[in-house]
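Visitor: The structure follows.
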Amino acid sequence: MSNVVWRPGDQKPRPPLLEGDVYRPDILQIIEKTIDELSPALRELSLDILAHPELKFEERHAHDVYTAFVEKQGFVVQRHYLLETAWVATYSHGKGGPVLGVNSEVDALPGIGHACGHNLIGIAGVAIACAAKAAMGKLGINGKVILLGTPGEEGGFGKVKLWEKGAYEEMDVCLMCHPAPGPPYSVSLSSCLAMVQLQVDFVGHTAHAGLSPWEGQNALDAAVLSYTSIGLLRQQTKPTHRIHGIFEGKDWAPNIIPDNSRVHWVVRAPTTKEVFQTTERVKACFESAAVATGCKVTVTELSFGNELVQNPVLGNIISGAELSDVVTKKYGMIDYEWGIASASTDFVMMPGLHPGFSIPTVPNGGNHTSAFTEAAGAIEAHEACLDVSKALAAVGMRVLTDETFLSDVKSAFEEAKRARGD
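Following the UniProt record's numbering, the residues of the sequence shown are numbered contiguously, the last one being 422.
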């Protein structure tokens with residue numbers, strides 16, 4: 001399907017849009033007007049973040065510029081919220097009503113900057129929250145919007161840390177989006193993989209590598225042997241599973257038998273049950289390498305992220321759900337193959353929606369490449385980001401205005417939990 005990916009310079013028209021009104025056209029009109037008027041400022045904000053990439057939990061520039069921006073938009077802002085570089089912006093109208101949560105990711109990747117497009121994810125969250133605030137104020141809709149600035153998605157599980165500290169307790173629903181390659185003008189409702197992060201430490205004994213190597217226990221050999229064993233294990237794992245990692249050490253020298261090594265591995269699979277099953281097989285590779293080399297081994301599970309479960313009432317086209325209805329009538333098409341299907345994220349398990357949206361990328365220039373960093377700054381990427389932001393803001397406003405709809409969302413979430421065995 002590579003021929004359907006949106007490439008820079010493509011002048012492809014939008015796919016045919018469905019006829020008919022969306023839910024509350026008056027609300028969508030306010031959403032579109034608000035986001036269109038904010039577009040230049042959001043573009044400037046996005047490019048600022050793109051030009052100042054910061055690694056997990058070091059996002060101080062992003063923290064400051066985002067909080068200043070949303071404060072000017074009339075939100076109540078709490079800086080350094082629960083984590084040093086996290087923040088929260090809230091808006092309430094009237095008394096009571098549902099609570100809409102929105103995530104804005106802020107961190108970048110080592111060496112390649114915003115190669116996962118978090119500059120776009122960040123401004124999408126701001127756009128959704130600002131549009132919801134405008135509609136609530138102009139139409140007298142009661143409820144609350146919580147915009148959460150979430151650091152450390154890239155390997156830090158920032159949202160999980162915030163979840164554990166109670167940041168999501170008040171939210172009825174949480175929304176966000178993520179850029180990726182895909183067909184032009186498409187919004188993806190694919191899932192993503194559950195993930196376990198492992199840190200493995202081998203401890204051996206030093207020796208002179210030339211004079212008396214037999215006196216040593218080689219921790220580097222243990223790391224290499226485990227790496228090779230996992231490479232062979234991949235032949236017997238399902239094609240939907242992923243196992244990948246690196247190894248490193250301290251004070252290594254070619255004339256010293258290394259007494260230490262550390263390996264970092266990530267195991268991914270479509271479900272929580274599968275990822276833990278495969279993780280146990282991976283752990284056996286570490287244990288056998290330790291036995292073979294005479295080293296000691298310590299395996300630490302650093303973090304776990306569940307698979308992404310898209311709420312079918314919020315998103316799924318098969319059930320005529322809200323996001324699909326808005327997208328196919330106003331902005332483009334729904335896709336189930338692209339997005340972040342084989343990646344992983346720290347989106348927490350709650351009633352929510354985390355669609356992907358396509359932006360133009362060069363061949364082999366998908367997420368986590370330098371080419372995608374460049375793609376995330378393109379004007380076409382900005383426009384696609386605002387389109388999906390409008391659609392998600394419409395979803396959020398239905399949560400705030402349709403009691404039956406919100407009840408159906410929560411029921412679908414509970415049904416999915418039962419199906420998973422949670």
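Built from N, CA and C at the ideal position, the CB exists for glycine as well.
For Glu248, which three-state DSSP category applies?
Guide: strand
Visitor: Apart from the five residues just before and just after Glu71, which ones in its own chain have a Cβ nearer than 8 Å to its Cβ?
Guide: Val77, Ala89
Visitor: Which partner residues does His178 have in the DSSP bridge list?
Guide: Gly356
Visitor: Distance, Cα to Cα, Leu147 vs Ala124?
Guide: 11 Å
Visitor: Would you list the residues sitting across from Ala89 in a DSSP beta bridge?
Guide: Val77, Leu147
Visitor: What residue from Gln310, Met349, Tyr66, Val145 has the CA that sits closest to His93's CA?
Guide: Val145
Visitor: DSSP three-state label for Ser2, please.
Guide: For Ser2, the predicted structure reports a pLDDT of 42, less than 50, and the residue's modelled location is therefore unreliable. A value from the coordinates is still provided. Looking at Ser2 - three-state DSSP - the assignment turns out to be helix.
Visitor: Taking the straight line between their C-alpha atoms, what separation do you get for His208 and Ala222?
Guide: His208 and Ala222: Cα-Cα distance of roughly 18 Å.
Visitor: Would Asn119 pass as a contact of Ile49 if the rule is Cβ separation under 8 Å?
Guide: yes
Visitor: Out of Trp214, Ala284, Ser188, Leu198, which one is the CA nearest neighbour of Leu232?
Guide: Checked all of Trp214, Ala284, Ser188, Leu198; the closest Cα to Leu232 is Ala284.
Visitor: Does the beta-carbon distance from Lys390 to Glu19 come in below 8 Å?
Guide: no
Visitor: Report back the beta-carbon spacing between Gly97 and Leu400 to the nearest angstrom; my notes put them in contact at under 8 Å.
Guide: Between Leu400 and Gly97 the Cβ distance is about 7 Å, and since that is below 8 Å, they are a contact.
Visitor: How many Å lie between Ser2 and Val267 at the Cα?
Guide: Its pLDDT being 42, under 50, Ser2 is placed unreliably by the model, and nothing is read from it.
Visitor: My output table needs one value for Leu308: the three-state DSSP class, helix, strand or coil.
Guide: coil
Visitor: Just grab the DSSP bridge partners of Lys296 for me.
Guide: Val203
Visitor: Where does Gln217 fall in DSSP's three states?
Guide: strand
Visitor: Is DSSP giving Trp338 helix, strand or coil here?
Guide: Trp338 falls in the coil class under three-state DSSP.
Visitor: Excluding five sequence neighbours on each side, which residues of the same chain lie with their C-beta closer than 6 Å to the C-beta of Trp265?
Guide: Leu198, Gly245
Visitor: Leaving out five residues on either side along the sequence, give the residues of the same chain with a beta carbon under 6 Å from the beta carbon of Tyr91.
Guide: Phe75, Lys133, Val145
Visitor: Using 8 Å as the Cβ pair cut-off and three pairs as the minimum, do the stretch 368 to 382 and the stretch 200 to 216 touch?
Guide: no
Visitor: If you draw a straight line from the alpha carbon of Leu17 to that of Asn367, how long is it in whole angstroms?
Guide: Taking the straight line joining both Cα atoms gives about 28 Å.
Visitor: What three-state label does DSSP hand Val196 in the structure shown?
Guide: strand
Visitor: Measuring only the C-alpha atoms, how far is Glu337 from Pro184?
Guide: Rounded to whole angstroms, Glu337 to Pro184 spans 13 Å at the Cα level.
Visitor: Does the count of Cβ pairs from the stretch 98 to 105 and the stretch 395 to 410 closer than 8 Å reach three?
Guide: Touching, yes, given that three or more Cβ pairs across the two stretches are closer than 8 Å.
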